[in-house]
Amino acid sequence: MTKLILRALAGETLPTPPIWMMRQAGRYLPEYRATRAQAGDFLSLCYNSELAAEVTLQPIRRFGFDAAILFADILLLPQALGADLWFETGEGPRLSTITTIEGVRALKPKDAIHETLGPIYETVRILARELPPETTLIGFAGAPWTVATYMIAGRGTKDQGPAHALKAADRATFAALIDIITEATIDYLSAQVDAGAEVVKLFDSWAGSLTGQDFTDFAIKPAARIISALKARHPGLPVIAFPREAGAGYIGFAKATGADCVAVDNSVSPEWAAEHVQISGPVQGNLAPHHMVSGGQELIDATRRVVDAFKGGPHIFNLGHGITPDANPDNVALMIDTLRRG
Ligand code: 1CP
11 MTKLILRALA GETLPTPPIW MMRQAGRYLP EYRATRAQAG DFLSLCYNSE
61 LAAEVTLQPI RRFGFDAAIL FADILLLPQA LGADLWFETG EGPRLSTITT
111 IEGVRALKPK DAIHETLGPI YETVRILARE LPPETTLIGF AGAPWTVATY
161 MIAGRGTKDQ GPAHALKAAD RATFAALIDI ITEATIDYLS AQVDAGAEVV
211 KLFDSWAGSL TGQDFTDFAI KPAARIISAL KARHPGLPVI AFPREAGAGY
261 IGFAKATGAD CVAVDNSVSP EWAAEHVQIS GPVQGNLAPH HMVSGGQELI
311 DATRRVVDAF KGGPHIFNLG HGITPDANPD NVALMIDTLR RG
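According to the working numbering, the sequence shown is numbered sequentially starting from 11.
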């Protein structure tokens, strides 16, 4: 096994950590903006396999990252389950809302998702053919809680208020929605693996707003269910879990869910994450994305600090969250140079 990302995921401590970056295909790249314009809009880009593969490859060509992440979105699964989905220019995603048991029951059965998601699997197949042999292909999905927050509110929310409200008012309906997303996510990720994804990542971007029993029931348990089902179907498949802003919830998360690697955000220090999270296995992270905007000596110092903190164990270098549209591609090159040349 020569791919560096797979070696790190298998627990190997490498002299230089392999690197990729969340949202590495995105608006900070002029070539991405050009291809998106060619596609027409964001969703048309996601469902155009050739162009989605092209934007996935762009940051690999430009920067030589060690992994490529499939270009798609976590909200395609709700759409495949029957939710309406559209993107308001300059604002973000909008979906039809689900707040009742009738709404949950009106969703399509999970077997129907592949009809909508076929082009995504085709993107994966193209990438599996076209990526350089040293580059690992990562598939992904949103974790059930994060996906549910969008399906309930119909949009991104700062505090996930509508999802918390439904959970408090009618836990059975809320849990039924989580179950449907969980089962569909298993089939969605499994189809990505069949098409050629070598690793999958579960994005629980809003895990940080779950506490206590809710964190156990709706962040840990669905992830554990998805990971055990995937590993039963695809023995040896490495899984990265990202319970963003989980804080103390990061401790023991890999063991509780069966994840091979935990991605940590930048609300915790790399030293803390090394001591409390990397102690039980590979970690990914966690440079603050704002360095990709500001650059300079601070970026160099912060990159070295992350490398240094995690050098005693298996580590994949990444940002603590996605790179922002106002980032400067030169700063990405500087980060990679700092990492690879010391
Ligand atoms: O205009 C554009 O070009 C759209 C910007 C954009 C991009 C580039 C969106 C809309 N999605 C994506 C791609 C995307 N989304 C990827 C592709 C691979 C890569 O990383 O390069 C991935 C993995 C995602 C995952 C995703 N989508 C998450 C989880 C990760 C995270 O950032 O926390 C979430 C929460 C979404 C929803 C979403 N999609 C897009 C936006 C702007 C949002 C957030 C909306 C909100 O909460 O308000």
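Each residue gets a CB set at the ideal place from its N, CA and C atoms; glycine is no exception.
Which residue's Cα is closest to the Cα of residue i: the options?
i    : options                   : result
I148 : G171, N338, I130 and T156 : I130
T355 : G113, L329, V203 and F73  : Beyond the ends of the chain as shown, which are 11 and 352, falls residue 355; an answer cannot be given.
D121 : A201, R71 and G257        : A201
E144 : P339, A264, L14 and L349  : L14
K118 : E112, E98 and L91         : L91
E140 : R43, A78 and I346         : A78
P335 : F75, Y38, E125 and F97    : Y38
P142 : Y160, T66 and D83         : T66
R243 : A312, L85, D197 and I123  : D197
A258 : N338, E285 and I250       : E285
K265 : I230, R254, F213 and E281 : I230
F282 : Y260, A298, P299 and G268 : At residue 282 the sequence reads Trp, which differs from the Phe that was named. Of the listed residues, the one whose Cα sits closest to W282 is Y260.
Taking the DSSP output, what are the residues bridged to residue i?
i   : result
I29 : F327
I79 : I148
For a test of the three-state rule: what should DSSP assign to residue i, helix, strand or coil?
i    : result
D340 : helix
W282 : helix
T66  : helix
K168 : coil
P40  : helix
G149 : strand
E98  : strand
R243 : helix
L297 : strand
P119 : coil
K211 : strand
P232 : helix
Can you have a look at residue i and say buried or exposed, based on whether 16 or more other CB atoms are within 10 angstroms of its CB?
i    : result
S215 : buried
Q223 : exposed
Q288 : buried
Looking at C-beta atoms only, is the number of pairs between the stretch 274-294 and the stretch 235-245 that lie closer than 8 Å three or more? no
Pair every Cβ in the stretch 90-105 with every Cβ in the stretch 175-183, then say whether three or more of these pairs are closer than 8 Å. Contact between the stretch 90-105 and the stretch 175-183 is absent, with fewer than three C-beta pairs closer than 8 Å.
Inter-stretch contact at 8 Å, needing at least 3 Cβ pairs: the stretch 138-155 / the stretch 187-204: The answer is yes - the stretch 187-204 touches the stretch 138-155, with three or more Cβ pairs under 8 Å.
Can you confirm whether the stretch 275-289 touches the stretch 238-247 when touching is taken to mean that 3 or more C-beta pairs between the two stretches lie within less than 8 Å? no
Decide yes or no for the touch test of the stretch 292-299 against the stretch 322-331: beta carbon pairs closer than 8 Å, at least 3 of them. With a cut-off of 8 Å, the stretch 322-331 and the stretch 292-299 count as touching, because enough Cβ pairs lie within range.
Per the contact definition of three or more C-beta pairs closer than 8 Å, is the stretch 109-117 in contact with the stretch 45-64? Cβ pair count under 8 Å is below three, so no.
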